[in-house]
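Here is the structure we will look at, set down as structure tokens.
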Amino acid sequence: MAVNDIKTAKLVTEDRVLAAATAPQKINWSVLYMNQHLHAAEDGWRKLIRNPLTTLMTVIVIAVALALPAAMLVLLENVKALSAQWHNNTDIALYLQLNLPDDQARNLLRQLEQRPEIAKAKYISPSQGWQELQQQISMPNLMDSLKENPLPGVIIVTPKAKTLPQAACKH
Numbered sequence: 029m030a031v032n033d034i035k036t037a038k039l040v041t042e043d044r045v046l047a048a049a050t051a052p053q054k055i056n057w058s059v060l061y062m063n064q065h066l067h068a069a070e071d072g073w074r075k076l077i078r079n080p081l082t083t084l085m086t087v088i089v090i091a092v093a094l095a096l097p098a099a100m101l102v103l104l105e106n107v108k109a110l111s112a113q114w115h116n117n118t119d120i121a122l123y124l125q126l127n128l129p130d131d132q133a134r135n136l137l138r139q140l141e142q143r144p145e146i147a148k149a150k151y152i153s154p155s156q157g158w159q160e161l162q163q164q165i166s167m168p169n170l171m172d173s174l175k176e177n178p179l180p181g182v183i184i185v186t187p188k189a190k191t192l193p194q195a196a197c198k199h
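The sequence shown runs 29 to 199 under the working numbering.
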């Protein structure tokens with residue numbers, strides 16, 4: 029081999045090495061993305077540890093900001109439940125003797141309905157009260173454990189609106 033051939037081969041090899049070194053390399057974006065996020069997380073933790081009081085105050089502010097709407101939602105639901113049960117009328121429940129016969133209870137009901145200060149009166153028999161209680165309570169085992177109906181008859185009396193202030197003044 030001649031000296032010129034050696035020089036030419038050397039130049040060609042150097043050109044290939046130079047071309048390989050300056051050629052654009054393929055970038056792995058996912059690795060770059062993860063490295064940047066890892067660096068940002070490490071930097072964030074360092075700053076949090078360096079300033080513990082500021083970190084604590086920030087956590088408290090965020091906790092309060094998240095807790096306030098949740099507390100307001102719970103309060104609103106409770107107010108809704110209470111207002112659904114709230115009646116504008118004042119009702120008086122008259123509990124009758126435990127084994128009072130139905131005909132005596134209905135006689136008392138008629139007498140109450142004739143009074144001028146009573147707007148409305150309604151009789152609920154012990155069996156009706158038992159059925160309503162079974163619908164409202166979600167414990168069937170409790171209801172089944174009772175051998176007999178322990179509820180008395182009830183008369184629900186609604187006084188007229190104009191008699192309420194008078195009754196309040198008397199007491």
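The beta-carbon is built from N, C-alpha and C at its ideal position, and this holds for glycine as well.
None of these values were measured; they are calculated from a predicted model.
I think residue i touches residue j, with their Cβ atoms under 8 Å apart; what is that distance to the nearest whole Å?
i: leucine 137; j: isoleucine 183; result: 6 Å
i: glycine 181; j: leucine 128; result: 6 Å
i: glutamate 141; j: proline 187; result: With 8 Å as the limit, glutamate 141 and proline 187 do not qualify as a contact, their Cβ atoms being about 12 Å apart.
i: leucine 179; j: glycine 157; result: 4 Å
i: leucine 124; j: alanine 133; result: 6 Å
i: asparagine 177; j: proline 154; result: 5 Å
Can you say whether residue i is buried or exposed, counting buried as having 16 or more other CB atoms within 10 angstroms of its CB?
i: isoleucine 152; result: buried
i: alanine 91; result: exposed
i: alanine 149; result: buried
What are the boundary residues of the alpha helix (DSSP H) that residue i is part of?
i: isoleucine 77; result: 57-78
i: arginine 143; result: Counting along the chain, arginine 143 falls outside any alpha helix (DSSP H), and DSSP gives it neither H nor E.
i: leucine 161; result: 154-164
Near residue i, what residues of its chain come up, given a Cβ to Cβ distance below 7 Å and the 5 sequence neighbours on each side ignored?
i: leucine 122; result: Val182, Ile183, Val185
i: leucine 104; result: none
Under 6 Å Cβ to Cβ from residue i, same chain only, skipping five residues before and after it: list those, please.
i: leucine 76; result: Thr83
i: leucine 101; result: none
i: valine 89; result: none
Beta strand (DSSP E) containing residue i: first to last residue?
i: alanine 121; result: 120-123
Give the DSSP bridge partners of residue i, in chain order.
i: alanine 149; result: Val185
Short of 8 Å in beta carbon distance, which residues of its chain neighbour residue i, apart from the five on each side in sequence? Order them along the chain.
i: aspartate 119; result: Ile184, Val185, Thr186
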